[in-house]
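The opening position of the sequence shown corresponds to residue 365 in our numbering, with each subsequent residue numbered one higher.
Worksheet: the structure to be examined is printed underneath.
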Amino acid sequence: IKQRQVVRNFKNGHAFQSLIREYFDFKQGDDNGVERPKLKMKAVILPLSEEQAKMRNRLEEMYDAKGADGKPSGAAPLVSIGVQQMMNISPALVKEGNSDVWKNFKGLNELGDSDFVERSPKIKFVANSIAELYKKHQDLKPGEPVPGQIIFMPKGVDYIQKVKQYLVNSGIPSEAIEIMDTKTKTSPAKDPAKKAKGLSRFTEITQDFNGINGKCKIILGTDVIKEGVSLNKYTGIAYNTSIDWNPTTEVQKRGRHHRPGNQLKNIMWVDTLMEDSIDSKLYQKQGEKISRINDIFKNTGSSAIDVSDINPDELKYEIIKDPERKAKLVLQEESGKIRAKAKEAQSKAFAVQEILDDIEEVEKDLDSKNEDLKDYLIEAENYQEYRKDYNKYIESDKDISWSWQRYSNDEILDEQKRNIDKTKKEMSALKVKLDIRMKQLERKSLSSIESAKKFVEKSQKQADKFHEESRELQTTKKDEYIAKFRKELAEKEAQRVKYSLDEIVTNHVNEVLDMLGVREMKKSWNSLNRSRITIYNFLKS
């Protein structure tokens, strides 16, 4: 693993924008007079299949999974989100893991990886739309080149050949469909002349797709086409089957066909989203993130600019359907945040109290050392006096009792001096330590011992208050949150997609044909007829 520094946000956004403008004359293509086709952004919301709905409910239960220690698993929600992303592409991509999270979720995908396309509303929508547009364009505009279509499939790449086979079975010529993946990057071109020039299969497909009269009209691409390749000469529509956590990746994808040189006036980008799932929430967050990135190159916007990837933690509760489970987890989250505040307040109190305790201990040690020093000084002073008396007796040649002999020993005097010096050094070290502790209080804006004691008392009261709020939240807000989430769920159910997948495909393809101008003559004829009827009725009256 290589550790690298990554800029995730800018607190002073305006200063950063000024820096960007100083060194970069950045302009969007449309602002700089560069001609690009008009891009229509579209999000198609598809209903979950019955199989996906059952999987989703079980994956939602995974939020309650416990680890080996019997405690709730912090990884469980993120595992669930990751699996739901794969399930939204196709249930065939759901694979069980080996961690404790999966202990009670065996048999989630009983059909394995069979019927990758057929079990996926998302892939079926994209494939059916592509096939229907291809055939309708040929019927309505015989002899004219069919606009290019792209599928971005960053996940499920091992099954991309099955998507091609499904399109072939739907009536699309095999030579009109090409796969662009890592293999085509390294494989040589099929055409002998191009192969002789050292061209890769990847470049060969790109050239054929960009040629208006080329055979290739449909590209099935993995992550290798998200950047560094132009697929834009006559491309009308691109489908995105999986939204990336990094917003810049989504911007790069759209640039494959929305760029100068595209001969079409109008093109479309389609994000395919599964209804009421991680897809729709991630799509919403992507829009917010991309707008913030765009703010970098504008002279307006917030002073704080966040360009980080989307955090899964921001979404993990939004995609839960069960009102009671959602209320429980949201309350746990909110309660946890309050407990974190309590912990922070208590930590501050403990930190200052630790300093106060240390100060008290140092002051006691200083008092003790001070008493020791006094005793040593008195002892030394007395010793000096007795030694003087001893010397007088020696000079007078008087007999000296044995008890006075100790005052003739210089070692005792030296020992007393050492004790005095040692105690003074220890007191100096204690004073330095005391000074350090007092400066620590000053750095916390506490000017005295008394103010520090008041701070500890206040912080501890705050911690107790937060703990009480956390306990009350769990008991008083539960019913309110359940009612709120039930109401939201009922509103979502009322807005649920009412059309069948075939109807969604037909309506979508007709919209694309209108955008490309293929049905323009038909629309004009209808408009002319309506005008004639209006005039006839007017004259008749």
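Ideal placement from N, C-alpha and C gives every residue a C-beta, glycine not left out.
Quick caveat: nothing in here was measured; it's all calculated off a predicted structure.
Check: DSSP state of F480 mapped onto helix, strand, coil; Outcome: coil
Check: CB of Q525 within 8 Å of CB of I543, strictly; Outcome: yes
Check: Extent of the continuous beta strand (DSSP E) run through F516; Outcome: 512-516
Check: Length of the line joining the Cα atoms of V521 and I515; Outcome: 12 Å
Check: 8 Å Cβ cutoff met for T787 and K822; Outcome: no
Check: Candidates L798, W633, I719, of which the one nearest M405 by Cα; Outcome: W633
Check: Start and end residues, alpha helix (DSSP H) containing T546; Outcome: 546-550
Check: Environment of E420 [buried if 16+ CB atoms lie within 10 Å]; Outcome: It is worth fixing the name first, because residue 420 is Arg in this sequence and not Glu. Buried.
Check: M879: first and last residue of the uninterrupted alpha helix (DSSP H) it sits in; Outcome: 865-880
Check: 4 or more residues per run - each alpha helix (DSSP H) lying fully within the segment 422-459; Outcome: 440-453
Check: Distance CB(T318)-CB(N626) smaller than 8 Å; Outcome: The structure shown does not extend to residue 318, since the chain is modelled only from 365 through 905, so no value can be given for it.
Check: T839 - containing alpha helix (DSSP H), residue span; Outcome: 813-840
Check: Per DSSP, the bridge partner or partners of L584; Outcome: I515, I543
Check: Nonlocal neighbours in the same chain, by C-beta distance under 8 Å from V716, ignoring five residues either side; Outcome: L805, K808, L810, A816, F819, V820, S823
Check: Alpha carbon of E844 to alpha carbon of S413, nearest angstrom; Outcome: 32 Å
Check: Which of helix, strand or coil DSSP assigns to T567; Outcome: helix
Check: Beta-carbon proximity list for E399, same chain, < 7 Å, skipping 5 on both sides; Outcome: P624
Check: Inter-stretch contact (C-beta, 8 Å, three-pair minimum) for the segment 482-495 and the segment 597-617; Outcome: yes
Check: Beta-carbon proximity list for T870, same chain, < 8 Å, skipping 5 on both sides; Outcome: E496
Check: Local conformation of V593 per DSSP, three classes; Outcome: coil
Check: Bounding residues of the alpha helix (DSSP H) (the contiguous stretch that carries V408); Outcome: Counting along the chain, V408 falls outside any alpha helix (DSSP H), though it belongs to the beta strand (DSSP E) covering 402-410.
Check: Beta-carbon proximity check, L584 vs K528, cutoff 8 Å; Outcome: yes
Check: Per DSSP, cross-strand counterpart(s) of M632; Outcome: K404, I601
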